[in-house]
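Working notes for the structure below.
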Amino acid sequence: KLVVENVEVLTQMRTSFDKPDQMAALFKRLSSVDSVLKRMTIIGVILSFRSLAQEALRDVLSYHIPFLVSSIEDFKDHIPRETDMKV
């Protein structure tokens, strides 16, 4: 919805990103900037929480089952990067 409202301005901004004066004028024409900033902040908080939760899980698993975690990490280190596998 936000992109649809600002499609013309965003297109112009994409083509003139190397012109600071024109970018400032185009930025003023954007609508719902506060909404975009709020959404970006929420997304950042969610990604930060996800990273923190994954780190905590890794720490707990390493403490309780270190052999299994080290085996999984070793397996992950030895598979080719091109292989599409989530570990």
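Numbered per this note's numbering, the sequence shown spans residues 40 to 126.
No residue lacks a Cβ here, since even glycine has one placed at the ideal position from N, Cα and C.
Since this is a predicted model, take the numbers as computed values, not measurements.
Buried/exposed call for residue i, threshold 16 Cβ in 10 Å
{"i": "L86", "result": "exposed"}
Residue i vs residue j beta-carbon contact at 8 Å
{"i": "V43", "j": "L65", "result": "no"}
{"i": "S74", "j": "N45", "result": "no"}
Fully enclosed by the segment 40 to 67, which beta strand (DSSP E) runs are 3 residues long or longer?
none
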